[in-house]
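Participant: These protein sequence lines are chains A and B, in that order. Counted from 1, the first sequence has number 245 at position 245 by our numbering; the numbering is strictly sequential. Whatever position you read off the second sequence (first residue = 1), add 1000 for our numbering. Backbone N, C-alpha and C define an ideal beta-carbon position, used for all residues, glycine too.
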Amino acid sequence: MKNTSSINIFLKEVGETSGFGWRFLTQWFRPRYEIKEFIKQCYIIGYKSLPLIGLTGFIMGLVLTMQLRPTMVDYGVESQIPAIVGIAIIREIGPVITALIFAGKIGSSIGAELGSMKVTEQIDAMEVSGTNPFKYLVVSRILATTFMLPVLVILSDTISLYGAYLGVNIRNVTSFQLFWIQVFDSLSFNDVLPAFIKTYFFGFAVGLIGCYKGYNSNKGTEGVGKSANSSVVVSSVLIFIIDLLAVQITDLLGFN
Amino acid sequence: MKNIFFKNVKLGVFVLSGLLLLILLLYMIGRNRNMFGSNFNLRARFENVQGLKAGNNVRFSGIDIGTVKEVKIINDTLMEVEMIIDKKVKNILKKNAIVSITTDGLVGNKIVNITAVKSPSLYAEENDILPSKKSIDTDVMLRTLSKTNNDIAEIANNLKLTINKLNSSEGLWTLLNDKTISKNIDNALAEVNSASNNINNISRDIRTITKDIKKGKGTIGKLIRDTLLSKTIEEAVNNIKNAGVNILKLSSDLDNTVLNIDTIINNGEGTVHALMKDSGIVIKINKSLDNIQEGSKGFSDNMNALKHNILFRGYFRKLEKSRQKQ
Chain A
1 MKNTSSINIF
11 LKEVGETSGF
21 GWRFLTQWFR
31 PRYEIKEFIK
41 QCYIIGYKSL
51 PLIGLTGFIM
61 GLVLTMQLRP
71 TMVDYGVESQ
81 IPAIVGIAII
91 REIGPVITAL
101 IFAGKIGSSI
111 GAELGSMKVT
121 EQIDAMEVSG
131 TNPFKYLVVS
141 RILATTFMLP
151 VLVILSDTIS
161 LYGAYLGVNI
171 RNVTSFQLFW
181 IQVFDSLSFN
191 DVLPAFIKTY
201 FFGFAVGLIG
211 CYKGYNSNKG
221 TEGVGKSANS
231 SVVVSSVLIF
241 IIDLLAVQIT
251 DLLGFN
Chain B
1001 MKNIFFKNVK
1011 LGVFVLSGLL
1021 LLILLLYMIG
1031 RNRNMFGSNF
1041 NLRARFENVQ
1051 GLKAGNNVRF
1061 SGIDIGTVKE
1071 VKIINDTLME
1081 VEMIIDKKVK
1091 NILKKNAIVS
1101 ITTDGLVGNK
1111 IVNITAVKSP
1121 SLYAEENDIL
1131 PSKKSIDTDV
1141 MLRTLSKTNN
1151 DIAEIANNLK
1161 LTINKLNSSE
1171 GLWTLLNDKT
1181 ISKNIDNALA
1191 EVNSASNNIN
1201 NISRDIRTIT
1211 KDIKKGKGTI
1221 GKLIRDTLLS
1231 KTIEEAVNNI
1241 KNAGVNILKL
1251 SSDLDNTVLN
1261 IDTIINNGEG
1271 TVHALMKDSG
1281 IVIKINKSLD
1291 NIQEGSKGFS
1301 DNMNALKHNI
1311 LFRGYFRKLE
1321 KSRQKQ
């Protein structure tokens, strides 16, 4: 009996993704370690994404500052722009925007790469040749996304703040030192640490969804496109869900 | 091979830069929150901390010197604020500095303000409890302000009424418009001026007089200052006193004398007593007086007989003639 109602398909997807994630969690710490492949993936996923992430971060900081200015001037708290922009970037905009761009770039590339490998039966061939394809392909990629996204977010935050500094100086003159002091005066560990920790989960989600979608791609070139597409969509949605969970947990723990 | 090496270098730089930035970020925040470096703790107790939280700034005369570490409840009327203070101010901050909770600006964060007091004291040490000052509650302030506003409104109303009355009063305006008044006032003031000058002179004189008196010049001065005179006066007073005593004695003697006289009279001795008290004598005297009357009558008859006597007639006629001449 085949039950193909959309809810059932959705539940089946969730169940299979969870199982895939569980498989990763039980596999990644066991030998043998594919270190070379991990470092290569880190280079591709992390380093190669930096220009894109940096650009979007810079523009976000600049635009946010310029958009905030009229309202802040209305309220007479123009001097608080660095503090507000700093908090917004560090707490929310930096991690989420970076993760979304990351999902768009990396999620799709992983989904397409693994999907095409699956379609061309390279994964099966790998298994035959004695290499554990899950370890070689999936574990290295998920670990790479998990550890690279936080680094990217930190760099992106920095570039965003620099963009915000330039944004403040378009209409006003604020020395870099004053801007720097104002930003850090308003920040606390409660702002930085939850935001930093949640980026690990964002990275993990992007890697997991990309790998799952690619690993379980349907046969044919259509399947490759579909898995690339759906990995971006699902990981983006998942980023927001994780963000929601993160803010609720930090609120519950009193870190907010 | 070389290609892979460079890739790894790039990756390493990428990761390290990310980590360095993260560490820098955490360090900056930590430094702002006084988590690194050397600090010491100070405490202060308040009835109401007005929403002060851990992490709020502590200021000493306007300079950030630390943060609030913890706000504890000791009992229902006492809260304790524990502060982390930079060790740099350890030899500046004193035990008698006053701690208060204020607001950064009008609507900003709460801050702890430490104000130095200009009296000598020891330097504050680890875990000292500094004296606190009850800060101004904005609520109370606004309430007072509203009351003040009402009062001011009332005062303004009264002032308006008063001014209206003043404006409507013609007498005042004529008084104000009368130009002679000012002249009169001028004159009066000039007189007052001269009077005050006179008073000045008088007071100066009085001053010199009092000075003289102090020095012992003049009668009053002598009275006050001269010891010899006072001795004389004392003697005089003593004499007067003695005289009084003598007079008293005399009067008592007199009294005794009178008493004696009284008893003598009453007891029937002497002429006076006989005169006053003996009725027999009175009769005798009466008889004697009658006899004298009779004797004088006989004498008168004898005299008349003499007038008509020839021997003495000439003498009486001469006497009559000289009386008529006069």
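Closer than 8 Å, CB to CB, is A/I9 near chain B or not?
Facilitator: So, not an interface residue.
Participant: Quick check on B/K1147 - is its C-beta less than 8 Å from some C-beta in chain A?
Facilitator: No, B/K1147 does not count as interfacial toward chain A.
Participant: Please state whether the Cβ-Cβ distance between B/G1018 and A/I59 is less than 8 Å.
Facilitator: No; because the gap between Cβ atoms is not below 8 Å, this pair is not in contact.
Participant: Rounded to a whole number of angstroms, what is the C-alpha to C-alpha distance between B/G1295 and B/N1309?
Facilitator: Taking the straight line joining both Cα atoms gives about 21 Å.
Participant: Roughly how many angstroms lie between the CA atoms of B/N1291 and B/M1303, to the nearest whole one?
Facilitator: One C-alpha to the other measures close to 18 Å.
Participant: Between A/F202 and A/L149, which are expected to be in contact by the criterion C-beta below 8 Å, what is the C-beta distance as a whole number of angstroms?
Facilitator: 6 Å between Cβ atoms; contact.
Participant: Can you find the residues in the same chain that come closer than 8 Å, C-beta to C-beta, to A/G86, ignoring five residues on each side of it along the sequence?
Facilitator: L161, A164, Q182, V183, F184, S186, L187, listed in sequence order.
Participant: Helix or strand or just coil, what does DSSP make of B/K1249?
Facilitator: Here B/K1249 sits in helix by DSSP.
Participant: Whole angstroms are fine: how far does the CA of B/L1025 sit from the CA of B/I1085?
Facilitator: Taking the straight line from one Cα to the other gives about 22 Å.
Participant: Taking the alpha-carbon positions, what's the A/S5 to A/L11 distance?
Facilitator: Using only the alpha carbons, I get a separation of about 10 Å.
Participant: Would you tell me roughly how many angstroms separate the C-alpha atoms of B/V1071 and B/A1054, rounded to the nearest one?
Facilitator: The alpha-carbon atoms of B/V1071 and B/A1054 are separated by roughly 7 Å.
Participant: Tell me, to the nearest whole angstrom, how far the beta carbon of B/V1112 is from that of B/M1083; I am working on the premise that it is less than 8 Å.
Facilitator: About 6 Å; that satisfies the 8 Å criterion.
Participant: According to DSSP, B/M1083 sits in a beta bridge with which residue or residues?
Facilitator: B/M1083 is bridged to B/L1042, B/V1068.
Participant: If we count Cβ pairs, one from each stretch, closer than 8 Å, do we get three or more for the segment 30-39 of chain A versus the segment 130-141 of chain A?
Facilitator: Result yes; three or more Cβ-Cβ pairs closer than 8 Å.
Participant: Restricting to Cα atoms, I'd like to know which of B/L1166, B/N1149, B/I1098, B/M1028 is closest to B/R1043.
Facilitator: When each option's Cα is compared against that of B/R1043, the closest is B/I1098.
Participant: Using 8 Å as the limit for Cβ to Cβ distance, is A/M1 near chain B?
Facilitator: The pLDDT assigned to A/M1 is 48, lower than 50, so where the model puts this residue is not dependable, and the model offers no usable value.
Participant: Can you check whether the CB of B/F1046 is closer than 8 Å to the CB of B/V1081?
Facilitator: Taking 8 Å as the Cβ cut-off, B/V1081 and B/F1046 qualify as a contacting pair.
Participant: Given a cut-off of 8 Å, decide if B/L1175 and B/I1181 are closer than it, judged by their beta-carbon atoms.
Facilitator: A contact, by the Cβ cut-off of 8 Å.
Participant: For A/L166, which residues in the same chain have their Cβ closer than 7 Å to its Cβ, ignoring the five residues on either side in sequence?
Facilitator: The answer, listed in chain order, is L62.
Participant: Given that B/M1141 touches chain A, what residues does it touch there, using C-beta distances under 7 Å?
Facilitator: Simply none; closest approach about 22 Å.
Participant: So for B/I1092, helix, strand or coil by DSSP?
Facilitator: B/I1092 falls in the coil class under three-state DSSP.
Participant: Just grab the DSSP bridge partners of B/D1128 for me.
Facilitator: Answer is B/L1042.
Participant: Would you say A/G258 lies against chain B (beta-carbon separation less than 8 Å)?
Facilitator: Chain A is shown from 1 up to 256; residue 258 of chain A falls before or after that span and cannot be answered.
Participant: Please report the distance separating the alpha-carbon of A/G46 from that of A/G54.
Facilitator: Those two C-alpha atoms are separated by around 12 Å.
Participant: Around the C-beta of B/N1057, are 16 or more other C-beta atoms found within 10 angstroms, so that it is buried, or is it exposed?
Facilitator: Counting Cβ neighbours within 10 Å, B/N1057 comes out buried, since at least 16 surround it.
Participant: Give me, in chain order, the residues of the same chain whose beta-carbon lies closer than 6 Å to that of B/K1307; leave out the 5 immediate sequence neighbours on both sides.
Facilitator: Here the set comprises F1316.
Participant: Under 8 Å between the Cβ atoms of A/L152 and A/F38?
Facilitator: No; because the gap between Cβ atoms is not below 8 Å, this pair is not in contact.
Participant: What alpha helix (DSSP H) runs, 4 residues minimum, are completely inside the segment 62-129 of chain A?
Facilitator: With a minimum length of 4 residues, the continuous alpha helix (DSSP H) runs that stay inside the segment 62-129 of chain A are 81-88, 94-102, 108-119, 122-128.
Participant: Taking Cβ positions, are A/G111 and A/S231 nearer each other than 8 Å?
Facilitator: A contact, by the Cβ cut-off of 8 Å.
Participant: Can the beta-carbon of A/V168 be found less than 8 Å from the beta-carbon of A/F176?
Facilitator: Their beta carbons are not under 8 Å apart, which means A/V168 does not touch A/F176 by this criterion.
Participant: Measuring only the C-alpha atoms, how far is B/V1140 from B/N1150?
Facilitator: Their backbone Cα atoms lie some 16 Å apart in a straight line.
Participant: From A/N8 to A/E16, what distance separates their C-alpha atoms?
Facilitator: Whole-angstrom Cα-Cα distance: 12 Å.
Participant: Do A/S236 and A/G115 have their C-beta atoms within less than 8 Å of each other?
Facilitator: Contact: no.
Participant: Within 10 angstroms of its Cβ, does B/I1202 collect 16 or more other Cβ (buried), or is it exposed?
Facilitator: When all chains shown are included, B/I1202 counts as exposed.
Participant: With 16 as the cutoff for other CB atoms within 10 Å, does A/P194 come out buried or exposed?
Facilitator: Per the 10 Å Cβ criterion, buried.
Participant: Return no unless some Cβ of chain B is closer than 8 Å to the Cβ of A/Y47.
Facilitator: Yes, because at least one Cβ of chain B sits closer than 8 Å to the Cβ of A/Y47.
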